[in-house]
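Participant: Respectively, the protein sequence lines represent chains G and X.
Going by UniProt numbering, the first sequence opens with residue 1, and the numbers climb by one from there.
Going by UniProt numbering, the second sequence opens with residue 1, and the numbers climb by one from there.
Even for Gly, the Cβ is constructed at its ideal location relative to N, Cα and C.
Sending over a structure as structure tokens; questions will come in a sec.
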Amino acid sequence: MSLWADKYRPKTLADLDYHADISNKLKRLSTSGDFPHLLVYGPSGAGKKTRVMALLRELYGSGAERLKVDVKTFQTSSSRKLEFNVISSPFHLEITPSDMGNNDRIVIQDLLKDVGQTESIDFTGLLRGNDQKAVSSNKKKFKVVVINEAELLSRDAQAALRRTMEKFSANIRLILVCNSTSSIIDPIKSRTLAIRVGLPTVEESAKVFEEILQREHVANKVFPADEEERRILFGRVCEAAEQNLRMGIMMLEALYMNNEKVSSGTEMIRPDWEIVIDELASGIIKDRSVVKLQHSRSVLYELLAHAIPAKLILKRLMLDLWTDLDSFGALKDKDGVKRKMVSAASTFDERLSLGSKDIFHLEGFITRVMVIVEGELTK
Amino acid sequence: MVESDTRALWSEKYTPTSAADLCINKQKLDQVRDHIMQMIAGKSSDRILILTGPSGSGKSSTAKALAEEVLCERLGSANLDGNSVFFDDIDNAPDTDSRYPHVIEYTNRTTSTSKLTSSVSYFSEFLEQCKLLTLGNEKCIVVEELPNLYHQETLLSFRLAILKWIELDSKVRLPPLILCVTEFDSDDDHYRGSFTLEATFKLETVFGRKLLQYEDRGWHRIKFNQVARRFLKQALRRVVSGESENFRSIPKGVVAKELEELSQTGDIRNSIITLEYWCRFLYPVTGKESSTSILGKENGLNIFHSIGKIIYGTQHPKEELENFMKTVNITNRYNFQSVPTLDDMNSISVANVAQDLASNSEKLNLNILENYLVLNPPINDDLSKLVDLLSQADTMSSFKTDRRALILMTYYSCFGSRVLCSKLKKTSGGYHRSRYSRDSKVNFKRQKIIRMVTAFRSSRSERLARINLYSHLSEMDAILVDGFYQYQLLDSRKARQKLGNRTPGGRVRRLGGDFKNIVLADNEFTPDVGEDTDDPEYLKRLEARYFGLDEDGDEDQEADDYKEFDDDPIVDSEEEREDEEDPFSDDSLVLQL
């Protein structure tokens, strides 16, 4: 038994439930002899990695699923030992720069050099046996290197990648997967085919949920039988998960596991950190006091300690404040207050990038918000 | 005997041998004396008395003088013969100072010739021997020199020895043990911000979490402060009168002035050393008072002191000005058109702080942030400006390498904070005790949680790769989504029913623990040892059962595999390395790729 989100992950391009155009594009790519470097981007929970894995399967057949996890050790220049995981199949390997810390350039260069300098010998016939999907051998000259979380690559490493991409283009194809391309340098963007995987719509998510439930017979009985009620429920799940499909499926499973009967009115199980931030936001609008500030600092520190990124905290706070303001009766000039808040949020967002201790900026934002609201009320 | 040795340093020579000569607060002395008496009489459950404080605050002298006094009273001075029974054993190792016949001191053996007495275990052996020093053979043990605790094994052995001493059957009488711990911060950049022994040498870091639990159930702590000016002056006068020979040629007024200067440092040992140097070498040449700006310890500003100055403003404007002028004289950096006056107090005290703590400005700002709310300020623009200012100062942290930029930056944030704090301060209300910034504690926790996340991800990869369901999970997703939901599922009612009643430790919490376990800022210093979270072994087993990893009959083996991995990660990595060294494995690696 696995989590639904893992268990029902589509394995082939044909199984994918939405973004049919992307699937078609990828399919055509995989059957053509040439295959460019790819840059797959989009918000988390949209299905980027699922599509990449399906593409690999399309290229190499089920052999691409024979994965193994290796722990690689790497000696850094300061002779410190670095250990990180490399996931690989006979046809591709997967690396994650965040595992490598500050040494990502050296590690990636080394790894790619290793792969790039050896022409792959075609064992596919042997390995695959009678697999009907045999692809003509000229396409398997290259190995695919998937780089996860490519936005976390240091500038250094990206510059190194750029050269590698050209030098070893005969033997290596890169697939960079990232949430946003804003921190990917232009030369890399120009050398890759960018594919954006957007979030599924509510209907598309609902379709996925439905399909999972059709295969989970026991769970299916827990959910409402009425189609309309189901639609409402799935819509709520999708909304609570902010269209993040992975989170939505997790939520669905959590709903099933925690309730005897799920109806359209059942309370959603949202991630704890979101709830913490929501409460913080409504608190600082209502209670503008020193005590609240003191308390907010504890909460902020707690969130930071759980490695929740400060920028995410700020963003969510701002969005929560925005909605909270609408229901805050005593305030007259709501638009003015919102404008000031957004301005403050963007100021402190930039400071977060420039500075090193997040707490100053987050507390700075909260104080500013309190002062803005207070100032408006006492006007 | 000692008097005749004119070559002894004055600081040694005038070490007080009786309680009357000690220049320590009377109450503190009584406190120490009471405790020693209770320990000797066996009335107290404490077996160790710990004196902590900064260097030169008279801990060791107090310990020895009082122990001697109490024991003399108890035994009567005639009862010295009884010592000879075990004296030989002890005498060849530790020092016995003839001035304190009833006190045994611990000294590190610098060279150890045999393996039997390695320096690691030397302290515990010393304590073993000392256990015999009771009843007719009463002595008091004073440990003022600690073994080399920066050496991990020595530290562990030291802690163990203390623990054994405390935990020994309460029927056994033990001689009183007095431990003097000089507490200090090291200014090493590398360790700054962490609460480890390397960064701050304090009782808390020396003892570690386990021993600290025995406070007042095995040991008692008395804190010493810097020696007050009045007492210090008194002690210095005693030295002057004792050395009248040397001081004869120096005019009384000059000596008085010098004593006034020296009595400010709070470090009695250092003051006497400085006095000696001044009297014997400096004055004959220069004919002037030394002025502490050239001689003697810098008036150490601790960070709390500075925060107080910034948040509340200074209480000693005159000293502040003097200090400032001193810095100016030393560095000659500023050219003043006119000498600053007390009116410029804010800028002067801030300049002093900036000068002293520039290299620490981030820590300083974090501490200001932790403490500015004690002013109980109104929610107005000034408040927002204050935090805004700290936030701006943080964005300048990229100048860390340039000292002058750092001073400017510190000056900027401190001066701004000072001005705003003085505006925000509504009433001249009470002073609160400052709190330590919890930033380093939070960092410590964060690091721990990140390690948990890494472990979570790699165990997930392994699990899913085995059943061909693997797909990469980013660190963020692990924290934001899976870290919550997966444990939520494990903790759900249905999972509990399905897996039977197997929750000894209560509920399963999110990766890294709930958000309720809030880190608070401390008034007191506590060492960085995270609270125990869920038993990781238990979680692993739970996960294995939930995900059905152990369904195909080899349950035990599975568990063993996990255990092996857990117990000895080093072995694993070594195997890995061997693999890499194997010339064939390289080829096979390439083939796999």
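Any beta carbon from chain X within less than 8 Å of G:F360's own beta carbon?
Facilitator: Stepping through the first sequence from its first residue, residue 360 of chain G is reached at position 360. Answer yes: the Cβ-Cβ gap between G:F360 and chain X drops below 8 Å somewhere.
Participant: Out of X:S18, X:I162 and X:I178, which has the shortest C-alpha to C-alpha gap to X:L212?
Facilitator: Indexing the second sequence from 1 puts residue 212 of chain X at position 212. Nearest C-alpha to X:L212: X:I162.
Participant: State buried or exposed for X:Y487, treating a residue as buried only when at least 16 other CB atoms are found within 10 Å of its CB.
Facilitator: The sequence position of residue 487 of chain X within the second sequence is 487, counting from 1. Buried.
Participant: Quick one: give me the first and last residue of the beta strand (DSSP E) that X:G53 is part of.
Facilitator: Your numbering for residue 53 of chain X matches position 53 in the second sequence. Start and end: I48 to G53.
Participant: Just the C-alpha distance for G:T73 and G:N85, rounded to the nearest angstrom, thanks.
Facilitator: Here residue 73 of chain G corresponds to residue number 73 of the first sequence, with the count starting at 1. Here residue 85 of chain G corresponds to residue number 85 of the first sequence, with the count starting at 1. Roughly 9 Å between the two C-alpha positions.
Participant: Between G:L3 and X:K540, what straight-line distance do the alpha-carbon atoms span, to the nearest angstrom?
Facilitator: On the first sequence, position 3 is the one that residue 3 of chain G refers to. On the second sequence, position 540 is the one that residue 540 of chain X refers to. Roughly 16 Å separates the two Cα atoms.
Participant: Of all Cβ atoms in chain X, is any one closer than 8 Å to the Cβ of G:T96?
Facilitator: By 1-based counting over the first sequence, the position of residue 96 of chain G is 96. Yes - at least one Cβ of chain X is within 8 Å of the one on G:T96.
Participant: In this structure, what does DSSP give as the bridge partners for G:A194?
Facilitator: Locating residue 194 of chain G in the first sequence gives position 194, where the first residue counts as 1. Paired residue(s): G:L39.
Participant: For G:L67, collect the residues of the same chain with a Cβ closer than 6 Å to its Cβ; drop the 5 residues on either side in sequence, then sort them by chain order.
Facilitator: Walking along the first sequence from the start, residue 67 of chain G turns up at place 67. If we look at G:L67 and ignore the five residues flanking it on each side, its Cβ neighbours are I87 and S89.
Participant: Give me the Cβ distance between X:M452 and X:L511, rounded to the nearest whole Å; I'm assuming they're in contact under 8 Å.
Facilitator: The sequence position of residue 452 of chain X within the second sequence is 452, counting from 1. The sequence position of residue 511 of chain X within the second sequence is 511, counting from 1. Between X:L511 and X:M452 the Cβ distance is about 6 Å, and since that is below 8 Å, they are a contact.
Participant: In the DSSP assignment, find the unbroken alpha helix (DSSP H) run with X:I467 in it and report its ends.
Facilitator: Along the second sequence, read from residue 1 onward, the residue named residue 467 of chain X stands at position 467. Neither: X:I467 is in no alpha helix (DSSP H) and is coded neither H nor E.
Participant: Which stretch, first to last residue, makes up the beta strand (DSSP E) that contains G:E75?
Facilitator: For the purposes of this step, residue 75 of chain G is taken as residue 75 along the first sequence, with counting starting at 1. According to the sequence as given, residue 75 of chain G is Gln; it is not Glu. Here the beta strand (DSSP E) through G:Q75 covers K68 to Q75.
Participant: Between G:F360, G:V342 and G:K338, which has its C-alpha nearest G:E376's C-alpha?
Facilitator: Locating residue 376 of chain G in the first sequence gives position 376, counting from the first residue. That would be G:K338, whose Cα lies nearest to the Cα of G:E376.
Participant: Would you mind sorting G:D186 into buried or exposed? The rule is 16 or more other CB atoms within 10 Å of its CB.
Facilitator: In the first sequence, counting from the first residue as 1, residue 186 of chain G sits at position 186. Exposed, since its Cβ has fewer than 16 Cβ neighbours within 10 Å.
Participant: Out of G:M251, G:H217 and G:L152, which one is the CA nearest neighbour of G:I184?
Facilitator: The count along the first sequence starts at 1 and reaches residue 184 of chain G at position 184. Here the closest residue by C-alpha is G:L152.
Participant: Taking DSSP's pairing of strands, which residues face G:K143 in a bridge?
Facilitator: Here the question's residue 143 of chain G lines up with position 143 in the first sequence. The partner list for G:K143 (beta bridge, DSSP) reads G:I172.
Participant: Mapping the DSSP letters down to three states, classify X:F201 as helix, strand or coil.
Facilitator: Translated into positions along the second sequence, residue 201 of chain X becomes position 201. X:F201: strand per DSSP, three-state reduction.
Participant: Tell me which residues share the same chain as G:L331 and place their Cβ nearer than 8 Å to its Cβ, disregarding the 5 neighbours each side in the sequence.
Facilitator: As a working mapping, residue 331 of chain G is identified with position 331 in the first sequence. Closer than 8 Å at the Cβ level, and outside the excluded window around G:L331, lie L325, V337, V373, E376 and L377.
Participant: So the candidates are G:G198, G:M247 and G:M165; which of them puts its Cα closest to the Cα of X:I479?
Facilitator: The residue labelled residue 479 of chain X in the question sits at position 479 within the second sequence. Of the candidates G:G198, G:M247 and G:M165, the one whose C-alpha sits nearest the C-alpha of X:I479 is G:M247.
Participant: To the nearest angstrom, report how far apart X:E215 and X:R221 are at their CA atoms.
Facilitator: Position 215 of the second sequence, counted from the start, is the residue given in the question as residue 215 of chain X. Position 221 of the second sequence, counted from the start, is the residue given in the question as residue 221 of chain X. Roughly 8 Å separates the two Cα atoms.
Participant: Nearest chain G C-beta to X:N515 closer than 8 Å, yes or no?
Facilitator: Position 515 of the second sequence, counted from the first residue, corresponds to residue 515 of chain X. Rather than Asn, the amino acid found at residue 515 of chain X in this sequence is Phe. Yes, because at least one Cβ of chain G sits closer than 8 Å to the Cβ of X:F515.
Participant: Taking DSSP as the reference, what is the three-state secondary structure of X:K309?
Facilitator: Numbered from 1 along the second sequence, position 309 holds the residue referred to as residue 309 of chain X. Helix at X:K309.
Participant: Does DSSP classify X:V142 as helix, strand or coil?
Facilitator: Translated into positions along the second sequence, residue 142 of chain X becomes position 142. X:V142: strand per DSSP, three-state reduction.
Participant: May I ask which residues mark the beginning and end of the alpha helix (DSSP H) holding X:W10?
Facilitator: Translated into the one-based positions of the second sequence, residue 10 of chain X becomes position 10. Counting along the chain, the alpha helix (DSSP H) containing X:W10 begins and ends at W10 to K13.
Participant: Give me the DSSP bridge partner(s) of X:E221.
Facilitator: Reading the second sequence from its first residue, position 221 is the one you call residue 221 of chain X. In the sequence under discussion, the amino acid at residue 221 of chain X is Arg, which differs from the Glu named in the question. For X:R221, which the question treats as bridged, DSSP gives the partners X:I50.
Participant: Can you check DSSP and say which residues form a bridge with X:V181?
Facilitator: In the second sequence, residue 181 of chain X corresponds to position 181, counting from 1. DSSP output for X:V181 lists X:T52 as bridge partner(s).
Participant: Strictly below 8 Å CB to CB, what residues from chain G border X:A495?
Facilitator: On the second sequence, position 495 is the one that residue 495 of chain X refers to. Correct list: M257.
Participant: Would you call the segment 168 to 185 of chain G in contact with the segment 201 to 215 of chain G, where contact means no fewer than 3 C-beta pairs closer than 8 Å?
Facilitator: No: the two stretches stay apart, fewer than three of their Cβ pairs being nearer than 8 Å.
Participant: Which residues, in chain order, does the segment 345 to 369 of chain G contribute to contact with chain X at a C-beta distance below 8 Å?
Facilitator: Listed in sequence order: F348, R351, L354, G355, S356, K357, I359, F360, H361, E363, G364, T367 and R368.
Participant: CA-CA distance, G:E260 and X:K516?
Facilitator: Reading the first sequence from its first residue, position 260 is the one you call residue 260 of chain G. Reading the second sequence from its first residue, position 516 is the one you call residue 516 of chain X. Computed Cα separation, rounded: 28 Å.
Participant: Taking 8 Å as the CB-CB cut-off, is X:S422 touching chain G?
Facilitator: For the purposes of this step, residue 422 of chain X is identified with residue 422 of the second sequence, where counting begins at 1. So, not an interface residue.
Participant: Going along chain X in order, which residues have a C-beta closer than 8 Å to the C-beta of G:D272?
Facilitator: Indexing the first sequence from 1 puts residue 272 of chain G at position 272. What G:D272 touches in chain X: F484, R510, D514 and F515.
Participant: Excluding the 5 residues flanking G:T12 on each side, which residues of the same chain have their C-beta closer than 8 Å to its C-beta?
Facilitator: As a working note, residue 12 of chain G is residue 12 in the first sequence. The residues are A54, R57 and E58.
Participant: If you follow the alpha helix (DSSP H) that X:S361 is in, where does it begin and where does it stop?
Facilitator: Residue mapping note: residue 361 of chain X aligns to position 361 of the second sequence, counting from 1. X:S361 -> alpha helix (DSSP H) spans S361 to N371.
Participant: Are the C-beta atoms of X:Y100 and some chain G residue less than 8 Å apart?
Facilitator: Within the second sequence, the letter at position 100 stands for residue 100 of chain X. Cβ-Cβ to chain G under 8 Å: no for X:Y100.
Participant: Kindly list, in the order they appear in chain G, the residues whose Cβ is closer than 7 Å to that of X:K425.
Facilitator: Here the question's residue 425 of chain X lines up with position 425 in the second sequence. Correct list: empty, because the minimum Cβ distance to chain G is about 13 Å.
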